[in-house]
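For reference, each letter of the sequence shown is one residue, going 1 to 316 in UniProt numbering. Report on one structure; see the data block that follows.
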Amino acid sequence: MKKLTLLLIAASLLAFLSGCEMVVFQPEGPQARSILGLINFSILMMAIVVAVVFALFIWIVWKYRETTDNKDIEPEEEKGSIALEITWTVIPLLIVIALTIPTVIVTFAVEDVPKGYEDKEPITIHVTAADWKWIFSYPEEDIQTVNYVNIPIDTPILFRLTSASTMQSFWVPQLGGQKYAMANMENELYLLAERPGTFMGRNTNFNGQGYAYMDFDVVAKSEADYLEWVQDVKEKAPTLTEQKYMEILYPGIVGRMTFNETHLQWVNHADHDAQIFLHQDTYRNYYHTKGEGYERQYNQIESRDTEGGHHHGHGH
């Protein structure tokens, strides 16, 4: 019965893992590949340590097991071994050093423009996190999007991260590592996509009821398609107003949106004195408990699967 239970657990784990898309192991940019190399190196080091420990464990258990030959033998008192003490102190220290050196190298490397693209001018995109959506501002193009961001391939993108409310974590696993977005300060993150495609991004820092829906798409396009999209937005997208921006900041879940002009003309939440839009009363009343369910009190849930155009759908 015990063997059958173990087999069922193993089969369940295999079925679960086979359904998981391990996007961290599918890098689509130089930053992500550097991080994957570090992950693989760390896994290899840990595998070696585990293998050695288990081998020693099995050898010691076998060598010093009780047998008919030693059953009545009383072992001599051990006074300790200086050699062993030095060995099991030095080996972990060497392991830590071996992990630290590549970690420091990769950490500093991904903080700058990807190697090989130093001569290409980066595109700057301001990222503003709000509960529970992501706002992307293109100051050079004077365009703003919500819950999706279009970028050209083979071009360094400098994301300037901040928050209009609580702390969030910005992460696009296939393009690079994560960094925090915090109010009244700014973090920088360089990412680059080497092929066209749509890459999932999300918040990995728990921040309340809408946390599970706080994801976004990074849509990498050819340079020609990217410029065509910019022109299309210029001609067809509505102009962002301050009132509309305040509505977007209100805690809730919204769909994709696209605007001409950005909120940076009114407020940059990275500024030390910028207002933080927490809407504390809204957080307390966002859900109203009725029995076992919840009743939405404020924003309606809007569709998250609409295309990255100029309209967004509403739903319940």
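The beta-carbon is built from N, C-alpha and C at its ideal position, and this holds for glycine as well.
Endpoints, beta strand (DSSP E) assigned at residue i
i: E186; result: Premise fails: E186 is in no beta strand (DSSP E) and is neither H nor E.
i: T128; result: 123-130
i: L161; result: 157-163
i: M257; result: 257-260
i: P102; result: Here P102 belongs to no beta strand (DSSP E); instead the alpha helix (DSSP H) covers 82-109.
i: W134; result: 133-138
i: A193; result: Element bounds for A193: n/a, residue is neither H nor E.
i: F170; result: 168-171
i: Y180; result: 179-181
Beta-carbon proximity of residue i to residue j, cut-off 7 Å
i: A220; j: I153; result: yes
i: Y148; j: F199; result: no
i: F277; j: L249; result: yes
i: S163; j: A183; result: yes
i: Y190; j: P156; result: yes
i: G201; j: V172; result: yes
i: M22; j: V146; result: no
i: F41; j: P92; result: no
i: I35; j: G177; result: yes
i: L138; j: I125; result: Looking at the sequence provided, one finds Tyr at residue 138 rather than Leu. Yes, the pair counts as a contact, with Cβ atoms nearer than the cut-off.
i: E141; j: V24; result: no
i: I253; j: Y213; result: yes
i: L158; j: P122; result: yes
Supposed contact pair residue j and residue i - C-beta distance, whole angstroms, cut 8 Å
i: L161; j: V127; result: 5 Å
i: G80; j: L192; result: Not confirmed; about 55 Å, so no contact.
i: M185; j: A270; result: 6 Å
i: P238; j: S222; result: About 26 Å; that fails the 8 Å criterion.
i: Q174; j: Q31; result: The Cβ separation is near 10 Å, so there is no contact.
i: D131; j: N207; result: 6 Å
i: N203; j: A129; result: 7 Å
i: V49; j: I95; result: 7 Å
i: V233; j: N260; result: 7 Å
Bridge partner(s) assigned by DSSP for residue i
i: I35; result: BP columns for I35 are empty, so no partner.
i: I143; result: Y138, N260
i: F41; result: Paired residue(s): none; F41 is not in a bridge.
i: A220; result: I151, G197
i: D215; result: R202
i: T239; result: N260
Exposure of residue i, with buried meaning 16 or more beta-carbon neighbours within 10 Å
i: H272; result: exposed
i: D112; result: exposed
i: G116; result: exposed
i: residue 392; result: Any property of residue 392 remains undetermined from this structure, which presents the chain solely from 1 to 316.
i: K63; result: exposed
i: W266; result: exposed
i: W134; result: buried
i: I143; result: buried
i: Y294; result: Only weak support exists for where Y294 lies, its pLDDT of 36 falling under 50; the coordinates are left without a value.
i: T87; result: exposed
i: F136; result: buried
i: T89; result: exposed
i: T100; result: exposed
i: N70; result: exposed
i: V106; result: buried
i: F54; result: exposed
i: W59; result: exposed
i: F57; result: exposed
i: P251; result: buried
i: P75; result: exposed
i: residue 327; result: Here the chain comprises residues numbered 1 to 316, so residue 327 is not present and cannot be evaluated.
Start and end residues, alpha helix (DSSP H) containing residue i
i: F206; result: Run containing F206: none; DSSP gives neither H nor E here.
i: L232; result: Note that residue 232 corresponds to Asp in the displayed sequence, not to Leu. D232 -> alpha helix (DSSP H) spans 223-236.
i: I153; result: Unbroken run through I153: none, as it is neither H nor E.
i: K244; result: 242-249
Cβ-heavy atom distance, residue i to the ligand SAH, below 6 Å
i: Q265; result: This structure simply doesn't include the ligand SAH, nor any ligand for that matter.
Residue-level contact to chain C via CB, residue i, 7 Å cutoff
i: K120; result: Among the protein chains of the structure shown there is no chain C, as only one such chain exists.
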